[in-house]
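Top to bottom, those sequences are chains A and B.
Residues in the first sequence are numbered from 1 upward in steps of one, following our numbering.
Residues in the second sequence are numbered from 453 upward in steps of one, following our numbering.
Working notes for the structure below.
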Amino acid sequence: MRYLPLTDADRQDMLSVIGVSSVDDLFVDVPAEARLSGKIAGLPDHASELAVERHMAALARKNLSAGEAPFFLGAGAYRHHVPASVDHLIQRGEFLTAYTPYQPEIAQGTLQVLFEFQTQVARLLGCDVANASMYDGSTACWEAIGMARRITKRGKALLSSGLHPHYVSVARTMAKFTGDALVHEAPRLDAATDIDALIAGIDKDTSCVVIQYPDILGRIADLTPLADAAHEAGALLVAVVTEPVALGACRAPGHMGADIVVGEGQSIGVGLQFGGPYLGLFACKQKYVRQMPGRLCGETVDAAGKRGFVLTLSTREQHIRREKATSNICTNSGLCALAFSIHMTLLGEKGLRELASLNHALAVQAADRLAQVPGVKLLNDSFFNEFTLVLSKDAREVVRNLADKGVLAGVSLGRLFPDAPEIGQGLVVAVTETVTVEDVEALAAALEEELA
Amino acid sequence: MTMLKEGRPTAPQAVTEADAAPATATGNRALMLEEALIFEIGSTDTTGVDFAQAPKVESRLGSLARTEAIGLPGLSEQETVRHYTRLSRQNYAIDLGLFPLGSCTMKHNPRLNEKVARMPGFADLHPLSPQSTVQGALAVIHELAEWLIKLTGMHSVAMSPKAGAHGELCGLLAIRAALEARGDARSVVLVPESAHGTNPATAAFCGYKVEDIPATPDGRVDLEALKARLGPDVAAVMITNPNTCGLFECDMKTISDAVHAAGAFVYCDGANFNAIVGRVRPGDLGVDAMHINLHKTFSTPHGGGGPGSGPVVLSQALAPFAPLPFVERRGDQFVLVEEETAEDHHAQTFGRMVAFHGQMGMFTRALAYILSHGADGLRQVAGDAVLNANYVLRSLDDVLDAPFGKSGPCMHEALFSDKGLAEGFTTLDIAKGLIDEGFHPMTMYFPLVVHGAMLVEPTETESKAALDQFIMALRSLAERAKAGEVALKGAPYYAPRRRLDETLAARKPVLTWTEPQVAQAAE
């Protein structure tokens, strides 16, 4: 076995130091009836690197990857070009095979990256502070709702109908056990967001209003009136960003009054990866920092007076507080945070703005072109790089049929909201810098044929 | 003109004051390079990425265009590579040496796994792609799930939890859902004093009152105390096995039977599964739910603090309550069961824990690792991991106090305490001394049931030569700490930083970078 370095001679030497005659003797504390005498039946034996690679490659070939087809899927996961140096750098063993930086003297690399990451995220989202990452956007969203409960001591959260339905499902699952009341309904096929309805729904029991920006249908709206209404009632505004590239072109939620801004950082540096690992972004106003979940990295000095970084405010965390912690989270998403941070450093503000402009321009072109297809209507007045088309028939079927023709058309609202058949004709289409004019023409042609 | 024939010096010349290593103008010390923050070396006008010109269109952003400066510095590609390469060199890592962090299973991360995870058929796949286009990805999830079920002897597995603590949450939510389904509201979860901090945090999050179970003097759960506490209000017992003292809970089956007889469930923290994989199946011990840290036992990289992955194996009693989504095989097709595709037999699911389907990038890596080892290799993994830990324990128990050294062989971790160190010398001093010796410290001050605990987990991927060098270093440090050698209090001396002031960091938190003039104005 290539990963197991002990030789039989080593094992014999070591057993004699220990004073037993076999490795089995080290398992004497396991009751005999629970001890397996040999290897588990029905499973294959070890395999060569070549054999394993062959097996996995065969499985990989059974998938139609985004790069092999005209590709328009978004709805919470976006395909962007990731510069080659990002993947090269995250594969340096000193990053890849390091542990959580609990020994700061020999983890300054990871810690400085986290400090830079926190600053990048706070600035991008328009907040004072950000943490060192969460599992993903959906869990970050739930943690924000819990944090709002702790701050306001109220238990009713209003969830916008434009919030990603998986995020809603996660919150619903957790709320069953924490007793939070969640108010939510499925979106309507309307060009306007539900901000007015949310404002009308805020009352003295409301802990927070949760709104996605851009929302699941791609719509964007000024959050300021919602923030004002929430604050007037003593509630918080939680904004959710699933496409952070948008913030290279669109106003930051934190600058429109959001108290907590969470997001999915996958679209910068991380890649699609069939849904994970992803990167939860979590930022808030300075005054709420001690209620924030997750790890935080802070600046300090060492015994010689040199600047250095450490994990800090851990009195909020489970390994210190145990059952009184702000969250049970232990692991975060360090390597994905590193990828995000490197990609963001390569972009810089200049590159991020160029990337965002390019996405927006290509999306506008594509939306206008696709709206010309008979049987297709563009829902949105406003959008960034994702918009909703209303088709003349159920979009689920269209997506499946187009996939059979090698076009990955978008995400149907029927898949996202199976309980809301009235919006089943909606198709959410994302257009990033990876989409070519030819791809858009291929989609237009396929839609035309399908809807004829 | 005369030719100089003297040449350059080819041997070091005598230095009169050998100790006087002079300061450098840059603060660098040869290969040990200081690195400023991107905010200090970058600029918002610099970018390392080129884009095509955007076509001219009429904006659809309405009034929402972001016009003010964001404050994100950029670096050219070369500067970016250099910045992160320099930073990487300030980290310790498994690739550099032995990483004996107890309870964390820092084993070698094979690079085949990285290669496999990056195959475009896995890495460039959207989670909401039509199911007909992702059959290979669903096959990976299914194949890994089958392995985990067989290795643990359990009924089924929930693959979506994102990390160990998330898996604990999954297990407890399934337990709570199962109790509610039979109309049995229970309020208490019992957790041993030696448990990981995530256990009580998770139980409290799920709305349970947490009560400690004491340990016996030999480091195991006090069976009689546990039995006495069981009753109609107890929902579950959370047990780590092997436990955090490095011992197998030999009464596990008896405990499970008692818990079940009282109508409660057994949650097993699977953080230490590496000690028993291929040799003991938790299903045979009466476990109802156990998370498996793929980033521990199955070697997916820790990445400086995640991402992890924490699938949860479930007993038949809990399986109906498993979270969405999961993968089912129907004939020769794999079906991703989510909201849209759920059928009547999924009616009892407790819901969704996460967007999409879990840590696919970890599944591919873990499956490659498992296939590389096979059933025979995985059994060898546990054997060698336990052998290595016992070798460390018995090679050092003459100089370091091993509080449970007489409780029988340890499993995959060797536990020592600070008993016998000179007055004023602590576990922290030994840990920081290890840094100077070129090792990552062991887990310190955990478990909480041992004073000044030092928990050493060498893992099976260390050679005997590496272990011998580590033992030699730890022996030397133990002797220095017992002798009260003052210099040890100052360690580390040779790391990129000396001991850092964590109190200062917490008292005046500086969590983001601020331009110096702004920071000054604020003071």
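Every residue gets a Cβ at the ideal spot worked out from N, C-alpha and C, and that includes glycine.
The secondary-structure analysis by DSSP pairs H743 of chain B across a beta bridge with B:V764. Annotation for A521 of chain B: T496 place their beta carbon closer than 8 Å to its own, counting only its chain and skipping 5 residues before and after. If you look at T692 of chain B, you'll find it in the beta strand (DSSP E) that goes V686 to T692. Of the candidates B:R638, B:E645 and B:A647, B:R638 places its Cα closest to the Cα of G659 of chain B.
The Cβ atoms of T97 of chain A and P775 of chain B lie no closer than 9 Å to each other. With its beta carbon less than 9 Å from one in chain A, C702 of chain B belongs to the interface. Pairing P552 of chain B with V838 of chain B gives a Cβ-Cβ distance that is not under 9 Å. At least one C-beta of chain B is nearer than 9 Å to the C-beta of D381 of chain A. According to the DSSP assignment, T300 of chain A belongs to the beta strand (DSSP E) that extends over C297 to V301. One alpha carbon belongs to V789 of chain B, the other to G738 of chain B, and they sit about 28 Å apart.
The DSSP-derived three-state label of P225 of chain A is helix. Of all alpha-carbon atoms in B:A883, B:L770 and B:L577, the one lying nearest the alpha-carbon of F71 of chain A is that of B:L577. With a contact defined as Cβ atoms closer than 8 Å, E105 of chain A and I887 of chain B qualify at about 6 Å. Judged by pairs of C-beta atoms under 8 Å, the segment 916-935 of chain B does not touch the segment 675-695 of chain B, as fewer than three such pairs exist. The shortest C-alpha to C-alpha distance from V429 of chain A to any of A:D419, A:A444, A:G269 and A:A420 is the one to A:A444. Using a Cβ-Cβ distance cut-off of 8 Å, the segment 99-114 of chain A and the segment 537-544 of chain B are in contact, since at least three pairs of beta carbons, one from each stretch, lie closer than that value.
By the neighbour-count criterion, in which a residue is buried when 16 or more other Cβ atoms sit within 10 angstroms of its Cβ, D636 of chain B is exposed. Within the segment 128-156 of chain A, the residues whose Cβ lies closer than 8 Å to some Cβ of chain B are D128, V129, A130, A132, S133, Y135, D136, G137, S138 and T139, listed in chain order. When the alpha-carbon of G257 of chain A is set against those of A:K62, A:A246, A:G280 and A:L226, the nearest one is in A:L226. One finds Y99 in chain A with Cβ atoms closer than 8 Å to the Cβ of C556 of chain B, taken in chain order. Listed along chain A, no residue sits closer than 7 Å to I744 of chain B by beta-carbon distance, the nearest being about 14 Å off. Around the beta carbon of M805 of chain B, 16 or more other beta carbons lie within 10 angstroms, which makes this residue buried. A contact is defined here as three or more CB-CB pairs under 8 Å, and the segment 612-620 of chain B meets this definition with respect to the segment 759-769 of chain B. Comparing C-alpha distances from Y897 of chain B to each of B:L940, B:A939 and B:H648 shows the shortest one belongs to B:H648. Nearest Cα to R251 of chain A within the set A:I202, A:P421 and A:L125: A:L125. The alpha-carbon of L603 of chain B is positioned some 11 Å away from that of I744 of chain B. The C-beta separation of I593 of chain B from F815 of chain B comes to about 6 Å, placing the pair in contact by the 8 Å criterion. Taking C-beta separations shorter than 6 Å and ignoring five residues to either side along the sequence, the partners of G671 of chain B in its chain run C697, L699, F856 and S859, following chain order.
Using a Cβ distance threshold of 9 Å, A597 of chain B and S608 of chain B count as a contacting pair.
Secondary structure note for I40 of chain A: it is in no alpha helix (DSSP H), with a DSSP letter that is neither H nor E. For the segment 839-855 of chain B, the set of positions with a beta-carbon nearer than 7 Å to some beta-carbon of chain A reads L839, N842, Y843, R846 and S847 in chain order. Look at I220 of chain A here: in three-state DSSP terms it is coil, with no helix or strand label. Counting C-beta atoms within 10 angstroms of its own C-beta, V779 of chain B has 16 or more neighbours from the protein chains shown and is therefore classed as buried. Around H903 of chain B, the same chain offers S869, D870 and K871 as residues with beta carbons nearer than 8 Å, after the five sequence neighbours per side are excluded. Given a length threshold of 4 residues, each whole run of the alpha helix (DSSP H) inside the segment 852-914 of chain B is given here in chain order: 879-888. A Cβ of chain A is located within less than 9 Å of the beta carbon of T498 of chain B.
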